[in-house]
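A quick write-up on the structure given underneath.
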Amino acid sequence: MIPRKALLAVLATFTLAVTIVVTSLLQFDGSMAMRAATDCAMPLGLTWFTLFFLASFFLLQAQRRLASLLLILWLMVGVAGNGWIAEAVMGPLEHPRDLANLAESTPFRSVILLGGGVSIASDGTPELNREGQRVLLAAQLWHLGKARTIVCTGTSGGTGLADPSATGRELLVSVGVDNDDIYEVKGRNTSEEMRSLKMFFDDPPAGVDVDGQIGLVTSAFHIPRAMRLANQQDLQLVPLPCGHQIHQATQFDPSKLIPKGHSASMLAAACKEWLARLMSR
148 MIPRKALLAV LATFTLAVTI VVTSLLQFDG SMAMRAATDC AMPLGLTWFT LFFLASFFLL
208 QAQRRLASLL LILWLMVGVA GNGWIAEAVM GPLEHPRDLA NLAESTPFRS VILLGGGVSI
268 ASDGTPELNR EGQRVLLAAQ LWHLGKARTI VCTGTSGGTG LADPSATGRE LLVSVGVDND
328 DIYEVKGRNT SEEMRSLKMF FDDPPAGVDV DGQIGLVTSA FHIPRAMRLA NQQDLQLVPL
388 PCGHQIHQAT QFDPSKLIPK GHSASMLAAA CKEWLARLMS R
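Next up, the structure:
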(Lines of atoms letter the chains of each structure in order from A and count residues from 1; the text may use other names and numbers.)
(Lines give C-alpha, C1' and ligand atoms only; values in the text may rest on other atoms or scores of the structure.)
Protein backbone atom coordinates (compact mmCIF):
# COMPACT_ATOMS: atom_id res chain seq x y z
CA MET A 1 0.00 0.00 0.00
CA ILE A 2 1.35 3.45 -0.98
CA PRO A 3 2.15 5.56 2.10
CA ARG A 4 -0.18 8.49 2.72
CA LYS A 5 2.65 11.04 2.63
CA ALA A 6 3.81 9.74 -0.75
CA LEU A 7 0.26 10.17 -2.07
CA LEU A 8 0.20 13.73 -0.77
CA ALA A 9 3.51 14.46 -2.52
CA VAL A 10 2.13 13.00 -5.75
CA LEU A 11 -1.01 15.11 -5.36
CA ALA A 12 1.05 18.29 -4.84
CA THR A 13 3.16 17.53 -7.93
CA PHE A 14 0.10 16.68 -10.02
CA THR A 15 -1.58 19.89 -8.88
CA LEU A 16 1.42 21.96 -9.97
CA ALA A 17 1.42 20.36 -13.44
CA VAL A 18 -2.34 20.62 -13.91
CA THR A 19 -2.35 24.26 -12.79
CA ILE A 20 0.17 25.16 -15.50
CA VAL A 21 -1.69 23.20 -18.20
CA VAL A 22 -5.13 24.56 -17.26
CA THR A 23 -3.79 28.12 -17.07
CA SER A 24 -2.37 27.66 -20.57
CA LEU A 25 -5.79 26.47 -21.73
CA LEU A 26 -7.56 29.47 -20.23
CA GLN A 27 -4.91 31.92 -21.44
CA PHE A 28 -4.67 30.55 -24.98
CA ASP A 29 -6.37 27.42 -26.31
CA GLY A 30 -6.29 23.63 -26.33
CA SER A 31 -3.24 23.52 -28.57
CA MET A 32 -1.15 25.54 -26.13
CA ALA A 33 -2.42 23.41 -23.26
CA MET A 34 -1.25 20.29 -25.13
CA ARG A 35 2.15 21.88 -25.65
CA ALA A 36 2.39 22.63 -21.93
CA ALA A 37 1.45 19.01 -21.14
CA THR A 38 4.11 17.82 -23.57
CA ASP A 39 6.71 20.06 -21.90
CA CYS A 40 5.86 18.37 -18.60
CA ALA A 41 6.77 15.00 -20.12
CA MET A 42 10.08 16.13 -21.65
CA PRO A 43 13.37 15.20 -19.88
CA LEU A 44 13.91 18.57 -18.16
CA GLY A 45 10.24 18.83 -17.27
CA LEU A 46 10.19 15.33 -15.80
CA THR A 47 13.37 16.07 -13.83
CA TRP A 48 11.84 19.26 -12.47
CA PHE A 49 8.60 17.62 -11.37
CA THR A 50 10.45 14.60 -9.93
CA LEU A 51 12.60 16.90 -7.79
CA PHE A 52 9.46 18.71 -6.64
CA PHE A 53 7.85 15.39 -5.70
CA LEU A 54 10.92 14.22 -3.77
CA ALA A 55 11.29 17.56 -1.97
CA SER A 56 7.60 17.46 -0.99
CA PHE A 57 7.80 13.84 0.15
CA PHE A 58 10.87 14.29 2.37
CA LEU A 59 9.46 17.53 3.75
CA LEU A 60 6.34 15.61 4.80
CA GLN A 61 8.66 12.99 6.30
CA ALA A 62 10.20 15.77 8.42
CA GLN A 63 13.61 15.18 6.78
CA ARG A 64 14.17 18.88 6.40
CA ARG A 65 17.84 18.81 5.47
CA LEU A 66 17.31 16.41 2.57
CA ALA A 67 14.12 18.21 1.56
CA SER A 68 15.97 21.54 1.52
CA LEU A 69 18.71 20.10 -0.70
CA LEU A 70 16.14 18.71 -3.14
CA LEU A 71 14.26 22.01 -3.11
CA ILE A 72 17.48 23.85 -4.01
CA LEU A 73 18.08 21.41 -6.87
CA TRP A 74 14.48 21.92 -8.02
CA LEU A 75 14.97 25.68 -8.02
CA MET A 76 18.29 25.40 -9.88
CA VAL A 77 16.77 23.26 -12.64
CA GLY A 78 13.76 25.57 -12.77
CA VAL A 79 15.91 28.69 -13.10
CA ALA A 80 18.28 27.14 -15.67
CA GLY A 81 15.44 26.22 -18.02
CA ASN A 82 12.93 28.98 -17.26
CA GLY A 83 11.80 30.82 -20.38
CA TRP A 84 11.11 34.12 -18.61
CA ILE A 85 14.54 34.19 -17.00
CA ALA A 86 16.30 33.25 -20.23
CA GLU A 87 14.55 36.03 -22.12
CA ALA A 88 15.23 38.56 -19.36
CA VAL A 89 18.98 37.79 -19.46
CA MET A 90 19.16 37.60 -23.28
CA GLY A 91 17.00 40.63 -24.04
CA PRO A 92 19.43 43.42 -23.11
CA LEU A 93 22.16 41.80 -25.23
CA GLU A 94 20.31 41.67 -28.53
CA HIS A 95 21.20 44.49 -30.88
CA PRO A 96 18.14 46.08 -32.54
CA ARG A 97 17.58 45.57 -36.24
CA ASP A 98 18.69 48.92 -37.70
CA LEU A 99 18.34 47.70 -41.29
CA ALA A 100 14.62 47.00 -41.64
CA ASN A 101 14.43 47.22 -45.45
CA LEU A 102 17.34 45.46 -47.18
CA ALA A 103 16.31 46.67 -50.63
CA GLU A 104 16.69 50.33 -49.58
CA SER A 105 20.00 49.91 -47.75
CA THR A 106 23.28 51.43 -48.89
CA PRO A 107 25.47 48.83 -50.64
CA PHE A 108 28.42 47.45 -48.68
CA ARG A 109 31.77 46.91 -50.31
CA SER A 110 31.94 43.71 -48.29
CA VAL A 111 29.89 41.82 -45.73
CA ILE A 112 31.47 39.63 -43.07
CA LEU A 113 29.64 36.40 -42.31
CA LEU A 114 30.86 35.29 -38.89
CA GLY A 115 31.10 31.52 -38.53
CA GLY A 116 28.64 29.71 -36.30
CA GLY A 117 25.57 29.56 -38.52
CA VAL A 118 26.34 26.16 -40.04
CA SER A 119 26.94 22.64 -38.80
CA ILE A 120 27.90 19.32 -40.36
CA ALA A 121 25.31 16.51 -40.44
CA SER A 122 26.31 12.92 -39.66
CA ASP A 123 26.72 12.21 -43.40
CA GLY A 124 29.09 15.16 -43.83
CA THR A 125 26.55 17.51 -45.41
CA PRO A 126 26.71 21.18 -44.34
CA GLU A 127 23.42 22.43 -42.91
CA LEU A 128 22.12 25.60 -41.32
CA ASN A 129 21.82 25.39 -37.55
CA ARG A 130 19.80 27.54 -35.14
CA GLU A 131 21.95 30.55 -36.05
CA GLY A 132 21.66 29.89 -39.78
CA GLN A 133 19.85 33.18 -40.34
CA ARG A 134 23.37 34.61 -40.65
CA VAL A 135 23.92 32.74 -43.92
CA LEU A 136 20.49 33.72 -45.26
CA LEU A 137 21.03 37.42 -44.51
CA ALA A 138 24.44 37.43 -46.21
CA ALA A 139 22.97 35.70 -49.27
CA GLN A 140 20.03 38.12 -49.35
CA LEU A 141 22.36 41.12 -49.31
CA TRP A 142 24.43 39.71 -52.16
CA HIS A 143 21.42 38.84 -54.33
CA LEU A 144 19.98 42.32 -53.77
CA GLY A 145 23.24 43.84 -54.92
CA LYS A 146 23.90 45.24 -51.45
CA ALA A 147 27.08 43.24 -50.81
CA ARG A 148 29.71 43.10 -53.52
CA THR A 149 31.72 40.46 -51.67
CA ILE A 150 31.19 38.17 -48.66
CA VAL A 151 33.94 37.21 -46.23
CA CYS A 152 33.25 33.95 -44.37
CA THR A 153 35.10 33.37 -41.12
CA GLY A 154 35.86 30.50 -38.79
CA THR A 155 38.29 27.63 -38.17
CA SER A 156 37.24 24.33 -36.63
CA GLY A 157 40.55 23.86 -34.85
CA GLY A 158 41.43 20.29 -33.94
CA THR A 159 37.90 18.87 -34.20
CA GLY A 160 38.49 17.30 -37.61
CA LEU A 161 35.41 19.00 -39.02
CA ALA A 162 35.39 21.32 -42.02
CA ASP A 163 36.10 24.96 -41.24
CA PRO A 164 32.97 27.14 -40.75
CA SER A 165 34.40 29.49 -43.39
CA ALA A 166 34.46 26.66 -45.93
CA THR A 167 30.99 25.35 -45.08
CA GLY A 168 29.67 28.90 -45.18
CA ARG A 169 31.09 29.28 -48.68
CA GLU A 170 29.59 25.96 -49.77
CA LEU A 171 26.11 26.89 -48.58
CA LEU A 172 26.29 30.38 -50.09
CA VAL A 173 27.31 28.94 -53.47
CA SER A 174 24.44 26.43 -53.24
CA VAL A 175 21.92 29.31 -53.13
CA GLY A 176 23.40 31.13 -56.09
CA VAL A 177 26.14 33.36 -54.66
CA ASP A 178 29.09 33.61 -57.06
CA ASN A 179 32.03 31.64 -55.68
CA ASP A 180 34.43 34.33 -56.91
CA ASP A 181 32.70 36.88 -54.65
CA ILE A 182 33.33 34.81 -51.52
CA TYR A 183 36.50 34.96 -49.42
CA GLU A 184 37.57 33.02 -46.34
CA VAL A 185 39.28 34.20 -43.17
CA LYS A 186 40.41 31.90 -40.37
CA GLY A 187 39.93 32.13 -36.62
CA ARG A 188 38.97 29.70 -33.86
CA ASN A 189 36.98 32.31 -31.97
CA THR A 190 35.71 35.84 -32.43
CA SER A 191 38.93 37.43 -31.14
CA GLU A 192 41.06 35.53 -33.65
CA GLU A 193 38.56 36.22 -36.43
CA MET A 194 38.78 39.97 -35.82
CA ARG A 195 42.58 39.89 -35.89
CA SER A 196 42.46 37.96 -39.18
CA LEU A 197 39.87 40.36 -40.59
CA LYS A 198 42.07 43.32 -39.68
CA MET A 199 44.91 41.84 -41.74
CA PHE A 200 42.53 40.94 -44.56
CA PHE A 201 41.10 44.44 -44.96
CA ASP A 202 44.44 46.18 -44.39
CA ASP A 203 45.71 44.37 -47.49
CA PRO A 204 42.61 43.11 -49.34
CA PRO A 205 42.81 40.78 -52.36
CA ALA A 206 42.37 42.29 -55.81
CA GLY A 207 38.68 41.38 -55.97
CA VAL A 208 37.73 43.23 -52.78
CA ASP A 209 36.86 46.93 -53.06
CA VAL A 210 38.76 49.33 -50.84
CA ASP A 211 36.07 52.02 -50.68
CA GLY A 212 32.74 51.75 -48.89
CA GLN A 213 31.33 50.35 -45.68
CA ILE A 214 31.84 46.85 -44.32
CA GLY A 215 28.88 45.03 -42.78
CA LEU A 216 29.08 42.50 -39.96
CA VAL A 217 26.50 39.71 -40.00
CA THR A 218 26.10 37.71 -36.82
CA SER A 219 23.46 36.76 -34.25
CA ALA A 220 21.81 39.72 -32.54
CA PHE A 221 22.99 38.67 -29.06
CA HIS A 222 26.57 38.29 -30.35
CA ILE A 223 26.74 41.73 -31.98
CA PRO A 224 27.87 43.65 -28.84
CA ARG A 225 30.86 41.36 -28.24
CA ALA A 226 31.76 41.15 -31.93
CA MET A 227 31.65 44.93 -32.30
CA ARG A 228 33.68 45.40 -29.10
CA LEU A 229 36.40 43.08 -30.44
CA ALA A 230 36.25 44.74 -33.86
CA ASN A 231 36.80 48.16 -32.26
CA GLN A 232 39.84 46.79 -30.47
CA GLN A 233 41.30 46.05 -33.91
CA ASP A 234 40.27 49.47 -35.27
CA LEU A 235 37.82 47.81 -37.66
CA GLN A 236 34.98 50.12 -38.64
CA LEU A 237 32.02 47.81 -39.15
CA VAL A 238 28.28 48.29 -39.54
CA PRO A 239 26.37 45.81 -37.32
CA LEU A 240 23.85 43.64 -39.19
CA PRO A 241 22.13 41.60 -36.46
CA CYS A 242 19.91 38.65 -37.26
CA GLY A 243 18.50 35.54 -35.61
CA HIS A 244 16.84 37.41 -32.76
CA GLN A 245 15.82 35.04 -29.98
CA ILE A 246 13.50 37.48 -28.23
CA HIS A 247 10.37 37.52 -30.33
CA GLN A 248 7.38 39.83 -30.41
CA ALA A 249 5.69 39.98 -27.04
CA THR A 250 2.54 37.92 -26.68
CA GLN A 251 0.21 37.12 -23.81
CA PHE A 252 1.48 35.76 -20.52
CA ASP A 253 2.64 32.19 -21.19
CA PRO A 254 2.52 30.00 -18.05
CA SER A 255 4.28 27.11 -19.82
CA LYS A 256 7.55 29.09 -19.66
CA LEU A 257 7.68 28.11 -16.00
CA ILE A 258 8.42 24.53 -17.08
CA PRO A 259 12.17 24.18 -17.78
CA LYS A 260 13.03 23.47 -21.42
CA GLY A 261 16.23 22.69 -23.26
CA HIS A 262 15.80 25.67 -25.58
CA SER A 263 15.51 28.08 -22.66
CA ALA A 264 18.55 26.54 -20.96
CA SER A 265 20.53 26.90 -24.19
CA MET A 266 19.45 30.55 -24.54
CA LEU A 267 20.43 31.30 -20.95
CA ALA A 268 23.83 29.66 -21.43
CA ALA A 269 24.50 31.69 -24.59
CA ALA A 270 23.48 34.90 -22.83
CA CYS A 271 25.62 34.14 -19.76
CA LYS A 272 28.62 33.53 -22.05
CA GLU A 273 28.18 36.97 -23.59
CA TRP A 274 27.77 38.67 -20.20
CA LEU A 275 30.87 36.88 -18.92
CA ALA A 276 32.83 38.03 -21.97
CA ARG A 277 31.66 41.60 -21.35
CA LEU A 278 32.73 41.36 -17.71
CA MET A 279 36.19 40.18 -18.82
CA SER A 280 36.36 42.87 -21.55
CA ARG A 281 36.61 40.24 -24.26
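Numbering (our numbering) for the sequence shown: 148 to 428.
Note that beta-carbon positions come from the ideal geometry of N, C-alpha and C, so glycine has one too.
Whole-angstrom distance between residue j and residue i, CA atom to CA atom
i: residue 259; j: residue 293; result: 13 Å
i: residue 299; j: residue 221; result: 43 Å
i: residue 346; j: residue 241; result: 28 Å
i: residue 160; j: residue 411; result: 22 Å
i: residue 166; j: residue 231; result: 18 Å
i: residue 374; j: residue 301; result: 16 Å
i: residue 233; j: residue 226; result: 8 Å
i: residue 186; j: residue 340; result: 39 Å
i: residue 199; j: residue 408; result: 18 Å
i: residue 181; j: residue 377; result: 46 Å
i: residue 269; j: residue 217; result: 38 Å
i: residue 153; j: residue 207; result: 8 Å
i: residue 155; j: residue 427; result: 51 Å
i: residue 158; j: residue 209; result: 18 Å
i: residue 400; j: residue 245; result: 28 Å
i: residue 173; j: residue 286; result: 43 Å
i: residue 330; j: residue 320; result: 12 Å
i: residue 304; j: residue 313; result: 13 Å
i: residue 253; j: residue 421; result: 32 Å
i: residue 235; j: residue 334; result: 31 Å
i: residue 239; j: residue 363; result: 19 Å
i: residue 394; j: residue 219; result: 31 Å
i: residue 419; j: residue 425; result: 10 Å
i: residue 277; j: residue 324; result: 21 Å
i: residue 178; j: residue 350; result: 56 Å
Simplified DSSP assignment, three categories, for residue i
i: residue 274; result: strand
i: residue 399; result: coil
i: residue 226; result: helix
i: residue 387; result: strand
i: residue 129; result: Residue 129 is absent from the model: the chain starts at 148 and stops at 428.
i: residue 331; result: strand
i: residue 294; result: strand
i: residue 200; result: helix
i: residue 255; result: strand
i: residue 170; result: helix
i: residue 365; result: strand
i: residue 302; result: coil
i: residue 266; result: strand
i: residue 319; result: helix
i: residue 260; result: strand
Residue from the options with nearest C-alpha to residue i
i: residue 251; options: 167, 345, 288, 362; result: 288
i: residue 281; options: 311, 268, 295, 269; result: 311
i: residue 402; options: 290, 171, 232, 269; result: 171
i: residue 328; options: 352, 414, 309; result: 352
i: residue 273; options: 298, 309, 291; result: 309
i: residue 151; options: 194, 173, 205, 174; result: 205
i: residue 379; options: 338, 296, 284; result: 338
i: residue 243; options: 385, 427, 421; result: 385
i: residue 175; options: 257, 226, 398, 185; result: 398
i: residue 381; options: 348, 408, 365; result: 348
i: residue 257; options: 409, 356, 425; result: 356
i: residue 423; options: 336, 210, 342; result: 336
i: residue 297; options: 178, 342, 365; result: 365
i: residue 440; options: 334, 405, 295; result: Since the displayed the chain opens at 148 and closes at 428, residue 440 lies outside it and no answer follows.
i: residue 405; options: 321, 394, 324, 163; result: 163
i: residue 413; options: 183, 209, 330, 228; result: 228
i: residue 279; options: 383, 267, 290; result: 267
i: residue 326; options: 290, 350, 334, 179; result: 290
i: residue 322; options: 235, 284, 334, 350; result: 284
Beta carbon of residue i nearer than 8 Å to that of residue j
i: residue 359; j: residue 255; result: yes
i: residue 133; j: residue 354; result: Given a span of 148 to 428 for the chain in the structure shown, any question on residue 133 remains unanswerable.
i: residue 318; j: residue 332; result: no
i: residue 202; j: residue 188; result: no
i: residue 237; j: residue 415; result: no
i: residue 224; j: residue 191; result: yes
i: residue 265; j: residue 275; result: yes
i: residue 184; j: residue 169; result: no
(request) Mind the definition here: the segment 389-408 touches the segment 361-369 only if three or more C-beta pairs lie below 8 Å; say whether that holds. (result) yes
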